[in-house]
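*Asks:* So that we are looking at the same thing, I have put the structure below in structure tokens.
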Amino acid sequence: MQDIVKLNPISSKVNDILTSDNYAIVDNSPNPIAILVRSFVMHEYPVQDSVIAVARAGAGVNNIPIPEMTQKGICVFNTPGANANAVKELVICGLLLGSRRIYNAISWVQGLEKNDELPKAVEKGKKAFIGPEIFGKTLGIIGLGAIGRLVADSAIALGMKIIGYDPFLTDAAKAQLNPNVQVVDNLDAIYAASDYITLHVPATNDTKGLINKDSIAKMKDGVVIINCARGELFNDADLLDAVNSGKVARVITDLPNKNLTGNENIVTFPHLGASTPEAEDNCAVMAANELKEFIENGNVINSVNFPNLKAPRNGERVTVLANTENAIEEATAIVGKDVVILATNSAIRGNLTYIIFDTDKKIPKETLLALNDKFVKARMI
Numbered sequence: 004m005q006d007i008v009k010l011n012p013i014s015s016k017v018n019d020i021l022t023s024d025n026y027a028i029v030d031n032s033p034n035p036i037a038i039l040v041r042s043f044v045m046h047e048y049p050v051q052d053s054v055i056a057v058a059r060a061g062a063g064v065n066n067i068p069i070p071e072m073t074q075k076g077i078c079v080f081n082t083p084g085a086n087a088n089a090v091k092e093l094v095i096c097g098l099l100l101g102s103r104r105i106y107n108a109i110s111w112v113q114g115l116e117k118n119d120e121l122p123k124a125v126e127k128g129k130k131a132f133i134g135p136e137i138f139g140k141t142l143g144i145i146g147l148g149a150i151g152r153l154v155a156d157s158a159i160a161l162g163m164k165i166i167g168y169d170p171f172l173t174d175a176a177k178a179q180l181n182p183n184v185q186v187v188d189n190l191d192a193i194y195a196a197s198d199y200i201t202l203h204v205p206a207t208n209d210t211k212g213l214i215n216k217d218s219i220a221k222m223k224d225g226v227v228i229i230n231c232a233r234g235e236l237f238n239d240a241d242l243l244d245a246v247n248s249g250k251v252a253r254v255i256t257d258l259p260n261k262n263l264t265g266n267e268n269i270v271t272f273p274h275l276g277a278s279t280p281e282a283e284d285n286c287a288v289m290a291a292n293e294l295k296e297f298i299e300n301g302n303v304i305n306s307v308n309f310p311n312l313k314a315p316r317n318g319e320r321v322t323v324l325a326n327t328e329n330a331i332e333e334a335t336a337i338v339g340k341d342v343v344i345l346a347t348n349s350a351i352r353g354n355l356t357y358i359i360f361d362t363d364k365k366i367p368k369e370t371l372l373a374l375n376d377k378f379v380k381a382r383m384i
């Protein structure tokens with residue numbers, strides 16, 4: 004029985020994957036083999052030496068200290084696409100809220116006196132909440148990953164024109180796009196053409212403060228901006244100036260902070276993007292499957308720090324994570340001293356090499372020690 008610590012409440016569906024005959028999903032353990040996490044911030048969390056993997060039930064991993072995990076040889080997984088539909092639906096809601104003044108109108112009606120004159124007041128006051136239709140308008144999508152593609156499909160179904168930008172778009176991902184999506188190779192084209200802009204990128208050194216006075220100046224007057232990705236994508240001061248001047252007509256964000264509340268033209272959600280039971284189940288199941296494959300077979304699927312590698316198993320198995328040159332040759336020499344190597348599979352990510360050896364029998368403990376002395380992490384499965 005191996006313990007897996009959960010740092011947040013998580014769907015019980017993980018128990019269908021990490022079954023009780025082999026695993027215990029617990030809140031605390033002195034020697035867990037892995038960690039399941041959602042929003043818990045792990046930067047100050049003491050990770051035990053027994054941990055070999057962390058699985059984030061969600062896409063973003065800003066709450067996990069990735070460099071430290073990598074240095075310790077701990078594989079970090081995320082669950083890309085598992086909550087994509089939930090976020091997509093919130094973005095479509097944001098499009099409508101950003102166009103029609105529904106949010107303000109609801110608040111106004113709630114404040115009316117409850118008497119027989121209410122229908123007259125409604126008819127008289129509703130003109131204050133007139134807003135345009137989204138049909139025929141142009142939506143710019145920054146980031147054409149799983150969520151961006153789904154947003155594009157739904158917006159096209161609603162009659163919108165779509166222009167998209169993603170510098171990391173692969174040929175395979177581009178082939179999955181609706182053919183009506185116009186893909187451009189620079190952000191300025193998005194800013195110039197879009198009536199609405201929605202953000203679907205991580206917060207990196209290149210994207211933090213992406214929406215600032217310079218990028219806003221290139222946008223259409225009266226643009227609507229939707230952010231259900233990361234709060235750091237906004238330069239709050241610049242955005243507020245643009246909203247107050249009317250350059251930006253409306254902001255819809257799922258990442259509120261003290262700067263973006265209290266303005267009638269900024270609609271904030273309390274981080275609801277993935278808050279559906281379906282998304283929580285999907286993320287939990289994907290994270291559990293990733294852990295199970297890694298723990299039991301050494302296969303790496305959807306890692307954010309290790310090279311991804313999946314190989315069919317043929318005999319006993321040893322895995323090696325290395326950050327040195329000639330790692331495959333050196334590891335092969337050590338492993339092959341006492342056993343017959345039946346298969347070798349490897350993958351590279353940056354300066355990391357991940358190797359899977361299948362052997363005719365288990366390697367001796369002294370060989371495993373030698374591998375761990377030489378490389379970042381070695382494991383006998």
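If you count the sequence shown from 1, you need to add 3 to reach the working numbering. Using N, Cα and C, we set each Cβ at its ideal position, and we do this for glycine too.
(1) Within its chain, find whatever has a CB closer than 8 Å to the CB of ASN311; leave out the 5 residues flanking it on each side and keep chain order.
(2) Give me, in chain order, the residues of the same chain whose beta-carbon lies closer than 8 Å to that of CYS286; leave out the 5 immediate sequence neighbours on both sides.
(3) Is the number of C-beta pairs between the region 191-207 and the region 152-170 that are closer than 8 Å three or more?
(4) So for LEU258, helix, strand or coil by DSSP?
(5) With a floor of 4 residues, list each alpha helix (DSSP H) that falls wholly inside the region 44-115, ordered by position along the chain.
(6) Let me know if ASP341 comes out buried or exposed under the rule of 16 or more other beta-carbons within 10 Å of its beta-carbon.
(7) In the structure shown, what three-state DSSP assignment does ASP363 receive?
(8) Going by Cα to Cα distance, which pick from ASN326, VAL343, ALA346 and THR322 is closest to LEU372?
(9) Does DSSP put VAL125 in a helix, a strand or coil?
(10) Residue range of the beta strand (DSSP E) that THR347 falls in?
(11) Applying the criterion that 16 or more other CB atoms from any shown protein chain within 10 Å of the CB defines a buried residue, is ALA468 buried or exposed?
(12) Taking MET4 as the reference, which of LYS129, SER23, ASN11 and LYS16 has the closest Cα?
(13) DSSP state of VAL227, grouped into three classes?
(14) Going by beta-carbon coordinates alone, are LYS223 and SER248 separated by less than 8 Å?
(15) Three or more beta-carbon pairs under 8 Å between the region 197-208 and the region 234-245, yes or no?
(16) Between the C-alpha atoms of PRO49 and LEU263, what's the straight-line distance to the nearest angstrom?
(17) State the CB to CB distance for the pair ASN266 and VAL251, rounded to an integer number of angstroms; the pair is presumed to be in contact (CB under 8 Å).
(18) Keeping to the same chain, check which residues put their C-beta closer than 8 Å to that of THR141; ignore five residues upstream and five downstream.
(19) Taking all protein chains shown into account, do 16 or more other C-beta atoms lie within 10 angstroms of the C-beta of SER102, making it buried, or fewer, making it exposed?
(20) Straight-line CA distance for ILE36 to ILE28?
(21) Find the nearest neighbour of ILE229 within the set LYS368, LYS295, LYS91 and GLY63, judged by alpha-carbon distance.
*Replies:* So, from the data block:
(1) Taking the sequence shown and counting its residues from 1, the one referred to as residue 311 is at position 308. Excluding five sequence positions before and after ASN311, the CB atoms of its chain that fall closer than 8 Å to its own CB belong to VAL303, ILE304, ASN305, ALA350 and ARG352, given in chain order.
(2) Indexing the sequence shown from 1 puts residue 286 at position 283. Excluding positions up to five away in sequence, the list reads SER14, ARG41, ALA60, GLY61, THR82, ALA85, ASN86 and ALA277.
(3) With contact defined as three or more Cβ pairs closer than 8 Å, the region 191-207 and the region 152-170 are in contact.
(4) As a first step, residue 258 is located in the sequence shown; it is residue number 255 there, counting from the start. Residue state, collapsed to three classes: coil.
(5) Correct list: 69-74, 87-102 and 105-113.
(6) The residue given as residue 341 occupies position 338 in the sequence shown. The residue is exposed, with fewer than 16 neighbouring Cβ atoms inside 10 Å.
(7) In the sequence shown, counting from the first residue as 1, residue 363 sits at position 360. Per DSSP, reduced to three states, the secondary structure at ASP363 is coil, with no helix or strand assignment.
(8) Stepping through the sequence shown from its first residue, residue 372 is reached at position 369. For LEU372, the closest of ASN326, VAL343, ALA346 and THR322 by C-alpha to C-alpha distance is THR322.
(9) Counting from 1 along the sequence shown, the entry for residue 125 is found at position 122. Helix.
(10) As a first step, residue 347 must be located in the sequence shown, where it is residue number 344. That run of the beta strand (DSSP E) goes 344-352.
(11) Look at the range of the chain in this structure, 4 to 384, and you will see that residue 468 is not part of it.
(12) Stepping through the sequence shown from its first residue, residue 4 is reached at position 1. Taking the Cα of MET4 as reference, the smallest distance to any Cα among LYS129, SER23, ASN11 and LYS16 is reached at SER23.
(13) Stepping through the sequence shown from its first residue, residue 227 is reached at position 224. In the three-state scheme derived from DSSP, where H, G and I count as helix and E and B as strand, VAL227 is classed as strand.
(14) Within the sequence shown, the letter at position 220 stands for residue 223. Within the sequence shown, the letter at position 245 stands for residue 248. Cβ distance not < 8 Å, so LYS223 and SER248 don't count as in contact.
(15) Between the region 197-208 and the region 234-245, the count of Cβ pairs shorter than 8 Å is three or higher; the stretches touch.
(16) Taking the first residue of the sequence shown as 1, we reach residue 49 at position 46. Taking the first residue of the sequence shown as 1, we reach residue 263 at position 260. Those two C-alpha atoms are separated by around 34 Å.
(17) By one-based count along the sequence shown, residue 266 stands at place 263. By one-based count along the sequence shown, residue 251 stands at place 248. Wrong, their Cβ atoms sit about 11 Å apart, outside the cutoff.
(18) As a working mapping, residue 141 is identified with position 138 in the sequence shown. MET163, LYS164, ILE165, ILE166, ALA196, SER197, ASP198 and TYR199, listed in sequence order.
(19) In the sequence shown, residue 102 corresponds to position 99, counting from 1. Its Cβ being crowded by 16 or more others within 10 Å, SER102 is buried.
(20) Counting from 1 along the sequence shown, the entry for residue 36 is found at position 33. Counting from 1 along the sequence shown, the entry for residue 28 is found at position 25. Distance from the CA of ILE36 to the CA of ILE28, rounded to the nearest whole angstrom, comes to 11 Å.
(21) Along the sequence shown, one-based indexing puts residue 229 at 226. Looking at the Cα atoms, LYS91 is the closest of the given residues.
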